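For what it's worth, numbering that gives the first Met the number 0 labels the leading residue of the sequence shown as 0, then goes sequentially.
Glycine included, C-beta positions come from ideal geometry on N, C-alpha and C.
All values derive from a computational prediction rather than experimental measurement.
Notes follow the structure.
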Amino acid sequence: MPVLKRYEKNPILTKDDVPYQVATVHNAGVTKCNDKYIMIFRSHLNNGRSILGLAESDDGFSFDVAKEPFMTPACKGIFKEYEEYGVEDPRITFIDGEYLITYSAYSRYGVRIGLAKTKDFREVERFSLITEADYRNVVIFPERFNGLYARLDRPHSEISPWSIWISFSPDLRFWGEARLIMRPVQYHWDEMKIGPGAPPIKTDKGWLSIYHGVFPTMDGSVYRLGVALHDLKDPSKIVGVGDNWILQPEEAYEITGYVHNVVFTCGAVPETDGTVKIYWGGADNVMCVGTAGINDLLNLCLKNSRPAL
Ligand code: BMA
């Protein structure tokens with residue numbers, strides 16, 4: 000029995016559900032707001048650059064897309080300079096009464112991470128560009144640690160395989176105390192690179208993090224999802240990393256699309272019944288959802304663990 004069960008009506012969102020012209024719908028952050036599920040998804044436009052759209056749902060499976068895009072590249076100021084090539088891969092964290100949205104900002108200067116804030120998903124305010132170039136996959140924890148915000152991220156480096164780092168901030172603008180906390184394992188499904196996926200979920204055993212790992216093959220890279228558990232009080236300590244992936248491309252809509260053999264998550268929603276809805280982009284082309292028992296994911300991290308470093 001797989002720990003993560005695909006929803007039988009996947010894919011749940013495609014470009015045909017979007018009332019404006021897009022080429023793809025994928026890599027969405029998802030959260031709950033006023034009893035609704037809110038999905039902020041990424042779409043390629045027909046010029047190959049990406050924007051963010053918004054969809055809403057009552058049950059987390061069936062989504063309606065808003066008439067207008069949620070975020071398109073900024074038209075003024077510093078954000079205009081760094082979003083020229085598009086905005087991608089949003090993650091959403093609810094903390095201190097507001098939703099933080101981290102996203103990749105692409106421009107001629109590379110890729111860096113923008114942080115925007117909203118209280119209601121109607122108005123959104125760009126707050127700060129929180130990394131320099133060559134960073135992607137920033138997820139912010141939904142609680143502070145000793146008064147500091149914490150984030151996981153994934154800088155690119157020529158020397159070390161691309162790994163997961165942690166850093167802290169007093170104000171969400173200035174980040175520091177950075178440390179590498181988790182690396183790919185050689186000749187393992189995640190050997191080429193890893194990156195944070197969904198913002199971590201609080202459980203009684205620790206912070207559950209769903210991450211992506213990439214393996215190189217003769218036919219290109221395969222993107223899969225796995226799980227790691229971070230200490231509740233000190234998230235820079237990793238308690239365990241599941242040795243096995245929890246999801247790999249298997250369905251037609253994951254194997255072929257815009258980029259083949261990709262499952263990529265930016266969001267997961269824990270439910271009160273002990274399950275979690277995990278959302279992923281299939282082949283960078285459509286949005287999918289599946290359900291897992293949180294205890295089953297914790298057991299993978301605790302009982303069949305591979306080294307974090
Ligand atoms: C990564 C990012 C993701 C994408 C993935 C698979 O490098 O660009 O947005 O889903 O590759 O193509």
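Residues bridged to residue i (per DSSP)
i       : result
Phe-167 : Ala-149 and Gly-175
Phe-214 : Val-221
Lys-192 : Trp-161 and Val-213
Cys-300 : Answer is none; Cys-300 lacks a bridge partner.
Ala-227 : Ser-208 and Val-240
Gly-292 : Thr-274
Met-245 : Note on identity: in this sequence residue 245 is Ile, with Met being the wrong assignment. DSSP, once it has assigned bridges, lists no residue as partnering Ile-245.
Cα-Cα separation, residue i to residue j
i       : j       : result
Cys-318 : Val-21  : Look at the range of the chain in this structure, 0 to 308, and you will see that residue 318 is not part of it.
Arg-107 : Leu-296 : 40 Å
Gly-205 : Leu-231 : 4 Å
Ile-77  : Asp-58  : 38 Å
Asp-152 : Arg-5   : 27 Å
Gly-196 : Thr-101 : 12 Å
Tyr-84  : Ser-159 : 27 Å
Arg-125 : Met-0   : 43 Å
Phe-140 : Leu-128 : 18 Å
Leu-55  : Asp-63  : The identity of residue 55 in the sequence shown is Glu, whereas the question assumes Leu. Cα to Cα, the separation comes out at about 5 Å.
Ile-237 : Asp-272 : 26 Å
Glu-270 : His-259 : 31 Å
Val-268 : Ile-254 : 25 Å
Arg-143 : Asn-136 : 19 Å
Arg-150 : Ile-165 : 6 Å
Gly-28  : Pro-306 : 28 Å
Ser-208 : Lys-66  : 32 Å
Phe-167 : Val-240 : 22 Å
Leu-299 : Val-123 : 37 Å
Asp-16  : Val-221 : 27 Å
Ser-42  : Glu-97  : 24 Å
Test: residue i CB closer than 8 Å to a CB of chain C
i      : result
Leu-99 : Annotation note: the requested chain C is absent from the structure, which comprises a single protein chain.
Buried versus exposed call for residue i [16 or more other C-beta atoms within 10 Å across all chains shown]
i       : result
Ile-277 : buried
Ile-37  : buried
Glu-87  : buried
Ala-251 : exposed
Asn-46  : exposed
Asn-145 : exposed
Gln-247 : buried
Pro-215 : exposed
Met-181 : buried
Met-217 : exposed
Asp-283 : buried
Leu-308 : exposed
Phe-173 : exposed
Pro-198 : buried
Asp-189 : buried
Lys-118 : exposed
Gly-194 : buried
Pro-10  : buried
Any non-hydrogen atom of the ligand GDP closer than 7 Å to residue i Cβ
i      : result
Gly-47 : Absent from the structure shown: the ligand GDP. Ligands present: the ligand BMA.
Which runs of the beta strand (DSSP E) fall wholly inside the region 22 to 109 and span at least 3 residues, in chain order? Under the rule that a run must span 3 or more residues, the beta strand (DSSP E) segments found entirely inside the region 22 to 109 read 25 to 32, 35 to 43, 49 to 56, 62 to 64, 85 to 94 and 97 to 106.
Any beta strand (DSSP E) of 3 or more consecutive residues that is wholly inside the region 104 to 139: Whole beta strand (DSSP E) segments, 3+ residues: 109 to 117, 124 to 128 and 134 to 139.
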